[in-house]
Amino acid sequence: MTGDRNAPRMAKQLLLTAIDEGNHSAFLDLLSQHNDKRSMVDLGEVLTELSQSQLDKVWTELHSWATDQLNKLVGGGENEEVNNFAKEPSESRQSKEPTQVQEELNQMEVVESEGIKDQTGNTEQPSGHSGEQGVQPNEGELYNESILLGVVQFATLHISTIKGFGTFIPEKLLELAVLLHGMVSVLEGRLQEEIVTLCETWWHRELDERDCLISNVLPILIQMAIGKSGRRKNVIAVCSVRGALDVVEFDESLVDLLAACVASPRFISVEEGCRWLCELFTRQMLVMRLHRSIKAVLPECTRDQSAKYGEIYFRAWKKSTGDVQQMIEESCIQDLMYAGVHVDPLAGKLSTNLHHLLHQIHRNKQHHLVQRMILKLYNPFLWRSLKVANGYVRMNATGLLCDAFPLSDSTCTLEERQELSERQYQTIISLLTDPCHLVRITAIKGTCEILKNYWLVIPSQVIKTIFQKFLTELLRDSSSAEVRIQVVKGLTLILDNNDAVPFMKEVLPRISDSFDDISVSVRVAFVHLLLKVKLLKIIKYWTIVPINHLLHGLEDDVPAVCKLLTQLLLNSFHPTQMADHELLQRCLVLLKENRAAARRFYQYASRTLDLQSTVDFILLICLCVRNYIHSQELQHARLNEDREECGNSNADQPASSRQSGRKGSSSGRNAKGKKGSRVQNENKENKNSGAKDANDNEEDSSPLDNPTVIGGLFDTIVILWSANAHRLAQSQNSKYLEALRLKVSKNMPIFFKFFKENKDVSQTLLYLASFLPKTLVPTLVGHCLSRLRSLQQDQDHEDSYVTYINALCNWNRVDDVLELATDWLMEGFHSATVTSPKERRLSRRGVHFHQTHSAQPSLALRLIRHILQHPLNKLAALSKNRSLVEDLTETLKVSRDLLEERLNHSEALSDLCTDKFLCGAWSEYLSLVAVLHNPAPEKPAVNEGEEEEEEGNAGFNSIDHLHHSLEWATRVLLPVLSSEEVGEKRKLRAGDDARRISTEALVLLVKTCNNLIIIGAADSEFVLNVSGFTDILLKSDACECFWEVSLLVTLEAYQYMKVYGKPYGEAAEGVTMPTDLLKSCITSIADYLSEDRALPKEAEKLGKTLGMVLATLCQTRAIQNEVFQHLTAMILDCLCTKVEKMQGVDSAVKTVEDMGSCVRILVGVCQSSLKLSAYLMEALTSFIKDSAIDITVIVAISQLLKVLSQDSGKVSRYSIKQSVGAIDSLLASILFPVPIDTCGETETPLPSTIYEEYAKTAREMVDDLKSTLGIV
């Protein structure tokens, strides 16, 4: 404790000793101890104990140390200038400009080069004598930054202990601070930071001469804040010295820094930064510069940043007065308002950011001064902007009018304010029916927002007029689905106002038709409206749309709507807080109302229910059905007893009465039989769900008497179990899984026995049983296999075999299904090879024995297809039975040889091996090849002396199989499609089906190859091989069958080569690149359709695919030019053919569709896209300017441009003008030859030639275009 009390005294003595002796290291060591938290040295306490004379002595010596180091830093030997600057009176320093001080400091650095020589020892280092009691530095001593840093830190520590203005400050400390402030701009690193901290602390302490210590520090603080390494604390530091703006001079460099503050996201993200920017806006000389900086960065701002700028403008306007406030109003805010009205909404984020910025000003409109300001600024241009021809301007003006509503001025008279309000109401109502759908959409949004916020203020007549527009016109707007969407969303928004709810209660039932709108988005918005209504107590959602109508939508609608409907109906049909009895009753009501809707309801509801409640509900359903069966068994037993009693009583009657009684009993038995059959369907009772016992209510009908309800209950169990299978498989939920298996397995025999006559329920029970271990249901496994074997060829419906396959796969018995399919396939293939054609014809006439279970090869293909398409079944087949699947692939490979043999015959190979079966087998073979792709890993290098390990898994390389298939197709299938096929004998043998079979097989092969490219299983060689093969197909006689698949191959090959292959332009000769394939496809389309052939059936799909491929490939300039130049040439070739055929143009052609199939496809694709249309017109203009074209092409181009001017689609008017200008210049350069007669004496014109007729026609069309487009 004594040491602690003596620590300050000892530190004081050490400090004074170090200063007296000029011991730098002792001083720095003492400062280091002060900074150490574990040390007891507190120099702040020491400084408070020093007298004024001691402080003067300390700072005189420290001043000497600092100036000495500064002289060495700037060059050494010119310390008198530094001292003179430091000794300069404060009054003269204050009178100097900061730039003058900086110039004086820069003059001190002239000797820098000499100082460097002195520090290296090449010249004599002059002695630095400064201060009355200064320490003479040693000769050759170098600059020591740590000494200067220590002095600056000690100065900061000293002024931190000084409180208030007028406190004693040593003169040398003040001189040193001024000196360091003057040099802070030329220093860097930690020294500059410490000096900035010193001056900043001096400013915050409000000490003497603080105005002289801030002018050079402020720019540095700003640079630190806006720099890359700036932090929030730097922004706060700048804001803390905002009072310095009153004392600094605003030179150009400082103004640039202040403008950079406005553009810095770091400033607007911090409250202190916004306060600093508002302070800047109060300086009149800075207002316009800051405004220009904000406008420059506004297009790239985020929504929050633009809102912050709006807040800054408003706070600056509120804080400023006089001329500054007027400048902010008229030069800044009004400028932004005008820009917000006239900005292009499609030009990036600028339009959105402007509206967010202005919204921050509008949201303060409750204050009467703000209202007056908004009205004054909008009044000159807003009203006329709502009536201009440009729809975008009207849309922007509508949005701002609705956001600023109500425009008002408290200084106006009551009549003027009412007139202004009426003007706004009428304007908004008229905007709701604007011709531009974008204006209508914006008006609907704004109107509903106004109704929500000002419902009680708006006159009732205006409200009724608005809703009349909503219900009679806008909700039935067929031109734009977005209009209808916004009406529904707007009505949902109005429900937030409680005062509007009674009125909405009468309105909403009238919009129930929107629930069946053709647009999915409208239906989604409407269900959101119903969800909002559900939260209200006054309105019931089923009064808007009946429950049965909602269930019908749940049954048929898309998943997005069904999920919302499930959320809407969840508390009605599955209230989790209800008792089991009520929960079951509501489930039965739902199933009775709509079984299909119930399936989808529980499918989506299972995602929101917890696992325990789901398991309890499944067990509750099982118990309900079990009790129902028990009650039915008791009822049947009683009926049998009654029948026996009636039989015994009849035995005691006389013979005559017995004879007549037989007739009565016969009819009675028939009646009872009918009654008994009806009992099963109409007079059953759910013992668990009913409050009364079945014995007491035998004649009461039960919901479970309905077979639909029973089937729905089992459907519910299956759906809930399937949806939660992943959760039940987790170890922590094993108890729930065991409970389900135990209860269901016990009841399963009872269920099967009772519902064996109900096929629908039996199928569901069979699939439910597949969730159980096969050891619990051993007989069902054999039953499924037996039913599969007994299937007949004509049982094409999937329900006949899907349930059995799914069940066997769940029991891990995929091998049995695959073996059965393999046996059937082998028999089908064998039937095509064992007999000759003559034997096959004779065998059809012979007598055959009926086989109970005949082979069904076509059915086998459907079994395989279902396994591959079902994700769980496919996983079971590939994970545990991969070898069997590979064997099946080898079996199906036989179809390739049989297809080749079929092409040499005129009819099917056998009754089992039909053409359809062969194509199906080929398809399944290719599917299995793609699914099995799993190449063997590369073997590591084997060192000498080591034995090579045995192959554990050779893998399955699908690429090799497809390479062989491509070679086979080139050898066997392609010649069938060639018109130059060698010999006609083969054609006669193959019949008319050969081309169809070959085409179908080739399409399947190319699609499979494309799928492997999509999944990344291919290599560059394979991709190029497939591209070349597809290119050959496009040149065959059946090219129209390969357009769609060739475009898909082009797309995927381009994507693959872009990522893995060689860059564009480096392909070897003879290799078909994706661009070459695309050009071949375009050529094939043009050549095929140029002969006036009809469009293919899937022309619309073909056009979409072609547009997607063009948009994807033409992302680089080189490919764009190459492809669209070719596309343009094909279009013009087609048009030239028509012109030559007609010897002119058809004046009746007004649209692109009328110009023929080729132009309809190729030009129509580009018309549907802004980007593609721009590429096409650019290529057309380039073709006109750069190519040598004849008069026929000129006529074709003129006709195309004329049609595009009338049916432009998304082709811009500007691009059409460019092309018209180019063709006009070309026509102007044409010189018509003047024919001379044979005698050479006179020039006599010959009759008009076709050349002149074409030129005249082209000139007339171009002149007409120039007049239409306004080209001078």
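Throughout the sequence shown, residue numbering follows our numbering, covering 6 to 1277 in sequence.
Ideal Cβ positions, reconstructed from N, Cα and C, are used throughout, including at glycine.
{"Query": "For valine 899, which residues of its own chain have a beta-carbon under 7 Å away from its beta-carbon, when the five flanking residues on both sides are left out?", "Result": "Phe834"}
{"Query": "Do you know how far the Cα of leucine 500 is from the Cα of valine 566?", "Result": "21 Å"}
{"Query": "Please state whether DSSP places phenylalanine 386 in a helix, a strand or coil.", "Result": "coil"}
{"Query": "Give every residue of the same chain whose Cβ lies closer than 8 Å to the Cβ of leucine 1178, excluding the five residues on either side of it in the sequence, and list them in chain order.", "Result": "This sequence places serine at residue 1178; leucine is not what is there. These residues qualify, in order along the chain: Cys1171, Gln1172, Gly1214, Lys1215, Val1216, Ser1217, Ser1220."}
{"Query": "Let me know the secondary structure DSSP gives phenylalanine 961 once reduced to three states.", "Result": "strand"}
{"Query": "So, is serine 413 buried or exposed, given that buried needs 16 or more other C-beta atoms within 10 angstroms?", "Result": "buried"}
{"Query": "Taking 8 Å as the cut-off, decide whether the C-beta atoms of asparagine 221 and glycine 187 are in contact.", "Result": "yes"}
{"Query": "Per DSSP, which one or two residues make a beta bridge with asparagine 939?", "Result": "Phe961"}
{"Query": "Are the Cβ atoms of isoleucine 549 and leucine 535 separated by less than 8 Å?", "Result": "yes"}
{"Query": "Whole angstroms are fine: how far does the CA of serine 767 sit from the CA of asparagine 675?", "Result": "Confidence at asparagine 675 is low in this model, with a pLDDT of 38, below 50, so the placement of that residue should be treated as unreliable; the coordinate-derived value is given next. If you take the alpha carbons of asparagine 675 and serine 767, they lie about 28 Å apart."}
{"Query": "Are valine 1200 and threonine 1262 close, meaning C-beta to C-beta below 8 Å?", "Result": "yes"}
{"Query": "If you run the structure through DSSP and keep just helix, strand and coil, what is glycine 235?", "Result": "coil"}
{"Query": "Nearer than 7 Å: is that true of the beta carbon of aspartate 1036 relative to any heavy atom of the ligand ZN?", "Result": "Absence of the ligand ZN from the depicted structure is noted, as is the absence of any ligand whatsoever, leaving it without description."}
{"Query": "Taking the C-alpha atoms as reference points, what is the distance between glutamate 1049 and glutamate 905?", "Result": "25 Å"}
{"Query": "By the three-class DSSP mapping on this structure, what secondary structure does tyrosine 2 have?", "Result": "In the structure as shown, the chain starts at 6 and stops at 1277, and residue 2 therefore has no counterpart that could be examined."}
{"Query": "Considering Cα atoms alone, identify which of His209, Leu223, Ser165 is closest to serine 190.", "Result": "Leu223"}
{"Query": "Cysteine 407 and glutamate 454: beta carbons closer than 8 Å?", "Result": "yes"}
{"Query": "Measuring CB to CB, does cysteine 1139 end up less than 8 Å from cysteine 1119?", "Result": "no"}
{"Query": "In angstroms with no decimal places, state the Cα-to-Cα distance between glutamine 735 and leucine 1100.", "Result": "56 Å"}
{"Query": "Can you tell me whether glutamine 112 is buried or exposed, with buried defined as 16 or more other CB within 10 angstroms of its CB?", "Result": "With a pLDDT of 46 at glutamine 112, under the threshold of 50, the modelled position of that residue is not reliable, and no figure is offered here."}
{"Query": "Among the residues of its own chain, which have a CB less than 7 Å from the CB of glycine 1108, if the five just before and after it don't count?", "Result": "Ile1166, Gly1169, Val1170"}
{"Query": "Assuming aspartate 1036 and threonine 1080 form a contact by the criterion Cβ under 8 Å, report the distance between their Cβ atoms to the nearest whole angstrom.", "Result": "Not quite, the Cβ-Cβ distance comes to about 11 Å (not below 8 Å), so this is no contact."}
{"Query": "One question on the structure: do isoleucine 449 and leucine 479 come within less than 8 Å of each other, judged by their Cβ atoms?", "Result": "yes"}
{"Query": "Quick one: what's got a C-beta closer than 6 Å to arginine 308's C-beta in the same chain, skipping five residues either side?", "Result": "His361"}
{"Query": "Could you give the uninterrupted runs of the alpha helix (DSSP H) lying entirely in the segment 1075 to 1116, keeping only those of 4 residues or more?", "Result": "1079 to 1094"}
{"Query": "In the DSSP assignment, find the alpha helix (DSSP H) that holds isoleucine 543 and state where it starts and stops.", "Result": "No alpha helix (DSSP H) contains isoleucine 543, which DSSP labels as neither H nor E."}
{"Query": "Buried or exposed, going by whether 16 or more other CB atoms sit within 10 Å of the CB of isoleucine 1147?", "Result": "The sequence shown places methionine at residue 1147, rather than the isoleucine named in the question. Exposed."}
{"Query": "Tell me whether phenylalanine 173 is buried or exposed, calling it buried when 16 or more other Cβ atoms sit within 10 Å of its Cβ.", "Result": "exposed"}
{"Query": "Would the segment 961 to 979 and the segment 1027 to 1042 be scored as touching if the rule is three or more Cβ pairs under 8 Å?", "Result": "yes"}
{"Query": "Within 10 angstroms of its Cβ, does isoleucine 225 collect 16 or more other Cβ (buried), or is it exposed?", "Result": "buried"}
{"Query": "Alpha carbon to alpha carbon, how far is lysine 568 from valine 852? Give it in angstroms, no decimals.", "Result": "Confidence is the limiting factor: at valine 852 the pLDDT is only 45, short of 50, which leaves the residue's position unreliable, though a coordinate-based value still follows. Roughly 60 Å separates the two Cα atoms."}
{"Query": "Please list, in chain order, all residues of the same chain as asparagine 358 whose beta carbon is under 6 Å from its beta carbon, the five residues on each side excluded.", "Result": "Leu303, Cys306, Ser311"}
{"Query": "Counting contacts by CB-CB distance shorter than 8 Å, is isoleucine 715 in contact with chain D?", "Result": "No chain D appears in this structure, which consists of one protein chain only."}
{"Query": "Rounding to the nearest angstrom, what Cα-Cα distance links alanine 730 and asparagine 632 in this structure?", "Result": "27 Å"}
{"Query": "How big is the Cα-Cα spacing for leucine 380 and glutamate 334?", "Result": "12 Å"}
{"Query": "Quick one: what does DSSP say glutamate 949 is sitting in, helix, strand or coil?", "Result": "The pLDDT assigned to glutamate 949 is 46, lower than 50, so where the model puts this residue is not dependable, and the model offers no usable value."}
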